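Report on the structure given below.
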Amino acid sequence: MNFSAWFIRRPVGTTLLAVAITLAGAICYFLLPVSPLPQVEYPTINVGAGLPGASSETMASAVATPLERQFGLIAGVTEMTSQSTLGQTSITLQFDLDRNIDAATRDVQAAINAARGRLPANLPRNPDLRKVNPADAPILILAMTSDLHGKPRLQDVASTLLQQKLSQVQGVGQVVVSGGSPPAVRVAVNPLVVERYDLGLDDIRTCLQQANTNRPKGSFDDGITTWSIATTDQLFTAAEYRQLIVAWRHGAPIRLGDVATVTDSVEDVRVAGVYNGQPTVMLIVYRQPNANIIRTVDNVLSILPQLKAQIPAGIRL
Numbered sequence: 103m104n105f106s107a108w109f110i111r112r113p114v115g116t117t118l119l120a121v122a123i124t125l126a127g128a129i130c131y132f133l134l135p136v137s138p139l140p141q142v143e144y145p146t147i148n149v150g151a152g153l154p155g156a157s158s159e160t161m162a163s164a165v166a167t168p169l170e171r172q173f174g175l176i177a178g179v180t181e182m183t184s185q186s187t188l189g190q191t192s193i194t195l196q197f198d199l200d201r202n203i204d205a206a207t208r209d210v211q212a213a214i215n216a217a218r219g220r221l222p223a224n225l226p227r228n229p230d231l232r233k234v235n236p237a238d239a240p241i242l243i244l245a246m247t248s249d250l251h252g253k254p255r256l257q258d259v260a261s262t263l264l265q266q267k268l269s270q271v272q273g274v275g276q277v278v279v280s281g282g283s284p285p286a287v288r289v290a291v292n293p294l295v296v297e298r299y300d301l302g303l304d305d306i307r308t309c310l311q312q313a314n315t316n317r318p319k320g321s322f323d324d325g326i327t328t329w330s331i332a333t334t335d336q337l338f339t340a341a342e343y344r345q346l347i348v349a350w351r352h353g354a355p356i357r358l359g360d361v362a363t364v365t366d367s368v369e370d371v372r373v374a375g376v377y378n379g380q381p382t383v384m385l386i387v388y389r390q391p392n393a394n395i396i397r398t399v400d401n402v403l404s405i406l407p408q409l410k411a412q413i414p415a416g417i418r419l
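Counting in my numbering, the sequence shown runs without a single skipped number right up to 419 at its last residue.
The following block contains the structure:
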C-alpha cells in the first residue's frame, strides 16, 4: 500500500494535520527554556593538600601559593580559585572548553611535582588531584553498615578497597569517603605536669616523630653470608605510645604516659554518619566533567555485585 495515497485522497484531513503540527511546533517553541547564560561544563580539576595543625594563613602562604605559581604556567587555564582552612587547602583549576581533561590532568600533575620542593618538608603526602568540580552535586551515595564490625573496620574497607575500585569506573571523577575517620592515637598533653618536669611541647613532638621513623638497622655477615637486620619501629596502639621515654630527670625516665593522656581514637572525632539509625560510612561519588550521569551511575551499579562479594562478611553495602 502506498503510504502517500491516503493523504492524496483526503486533502482536508491532510491540511488539518499539517496545521495541527505547525501549531504544536509554534507552541513548543515558546515553551523552550532560554537562558542568557546557559550552563556550560568546563574541564575542571581540583587539587587538595593537607598539613595537620597548620593555620589557614600558613596553608595559604606555604602550600597554596607555591602550587598556584606553578599552576599559572599551565596553558589553557581560564580560572583558578583556592580556599585554605585549618590544615587543608583546595585549589580549583578551570580550563578552556576545547582543552582535553586527560591532557590537563597530566599537566597539573607535572606542576605538582615541580612545586614539591617548595612545599613544607613535613607535608604528610603529596597533593592529590581529581577531575571533578567541587561545586557539582554527587551523582550517587553508597552507605556501608554492619552489625558485626565497628566504624574503624568500615572505614578501612571503604578507603582501601571500595574507593579505589569505584574511582576506576568510567565517568567517575572522585569518590569521597565520609562518615568515618581513620584510626589514630590521640595524645592530650597535661600542661601542668609538663611544666613540673621542665619540658616543652617540642620535646613531646620530637619524641613522637622519632618513635615513628623507620631507620636502617644495618647488617652482619660471617665472611660468606650477609644478613640484613629489619625491625618494625612504628607504633600502632596507645599502650605502646605510653611507654615512650620523653626525657630523663634525676636518673629516672619520664614517659609519655606520665605527662599526657594517650588513647586509641580516630583522626577526626567530629565526623559521624548515620543511615537508618545505624552508624555508617558513606562513599560519595562525583562524575567527571562532561560525563553522562545516567551512564556513569549504571557503570557504578553494574560493579556493585562484584564489590559486595569482595567485602568482608557482615558488611552491607
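Even for Gly, the Cβ is constructed at its ideal location relative to N, Cα and C.
As the structure is a prediction and not an experimental result, all values here were calculated from the model.
Inter-residue CB distance, residue i and residue j (contact presumed, cutoff 8 Å)
| i | j | result |
| --- | --- | --- |
| P391 | N235 | 6 Å |
| I241 | V387 | 6 Å |
| G152 | G178 | Rounded, the Cβ-Cβ distance is 27 Å, inconsistent with contact. |
| P222 | A164 | 5 Å |
| K267 | L409 | 6 Å |
| A354 | Y299 | Contact doesn't hold; Cβ gap of about 10 Å is too wide. |
Top-ranked residue by Cα proximity to residue i, from the options
| i | options | result |
| --- | --- | --- |
| A217 | T187, F173, Q257 and V274 | F173 |
| L358 | V287, D370, S367 and P381 | V287 |
| Q336 | R344, S330, Q312 and A349 | Q312 |
| N394 | A354, N228 and G275 | G275 |
| T247 | R220, P226, V296 and G281 | G281 |
| D258 | T333, E297 and V368 | V368 |
| R344 | D366, P293 and F105 | D366 |
| P226 | S106, G150 and I129 | G150 |
| F338 | F105, N314 and I356 | N314 |
Collapsed DSSP secondary structure at residue i in the structure displayed
| i | result |
| --- | --- |
| G311 | Correcting the residue type first, residue 311 is Gln in the shown sequence and not Gly. It is helical. |
| D204 | helix |
| L250 | coil |
| I326 | coil |
| D198 | coil |
| G174 | coil |
| L242 | strand |
| S367 | strand |
| P335 | Note that residue 335 corresponds to Asp in the displayed sequence, not to Pro. Note: D335 maps to coil in three-state DSSP. |
| T167 | helix |
| S68 | Shown here, the chain extends from 103 to 419; a query on residue 68 therefore has no answer. |
| S404 | helix |
| R357 | strand |
| Q190 | strand |
| Q211 | helix |
| I386 | strand |
| G275 | strand |
| E181 | strand |
Euclidean distance between Cα positions of residue i and residue j
| i | j | result |
| --- | --- | --- |
| D324 | G302 | 46 Å |
| P285 | Y131 | 58 Å |
| R232 | V279 | 14 Å |
| T124 | L264 | 54 Å |
| D238 | R208 | 22 Å |
| S186 | S158 | 5 Å |
| W108 | L133 | 33 Å |
| V114 | A120 | 10 Å |
| P229 | V210 | 11 Å |
| F197 | T146 | 6 Å |
| N378 | L419 | 13 Å |
| S330 | R397 | 53 Å |
| V373 | T262 | 19 Å |
| M182 | A126 | 46 Å |
| D304 | V296 | 11 Å |
| T352 | D360 | This sequence places His at residue 352; Thr is not what is there. Cα-Cα distance, rounded: 15 Å. |
| A411 | S106 | 59 Å |
| T328 | R220 | 40 Å |
| V399 | Y144 | 21 Å |
| P293 | N224 | 25 Å |
| A212 | I326 | 46 Å |
Sub-9 Å separation of residue i and residue j beta-carbons
| i | j | result |
| --- | --- | --- |
| V500 | S283 | No answer is possible for residue 500: the residues shown for the chain start at 103 and end at 419. |
| A431 | I193 | Residue coverage of the chain in this structure runs from 103 to 419, which leaves residue 431 outside it and unanswerable. |
| P381 | K253 | yes |
| R389 | G273 | yes |
| A245 | V371 | no |
| T180 | M161 | no |
| D249 | G375 | no |
| V364 | V271 | no |
| V291 | L199 | no |
| L403 | I243 | no |
| L256 | C309 | no |
| I306 | A362 | yes |
| L169 | I129 | no |
| A206 | L195 | yes |
| I110 | T117 | no |
Residue i: CB within 8 Å of a non-hydrogen atom of the ligand SAH
| i | result |
| --- | --- |
| F105 | Absence of the ligand SAH is noted for the structure shown, with no ligands found whatsoever. |
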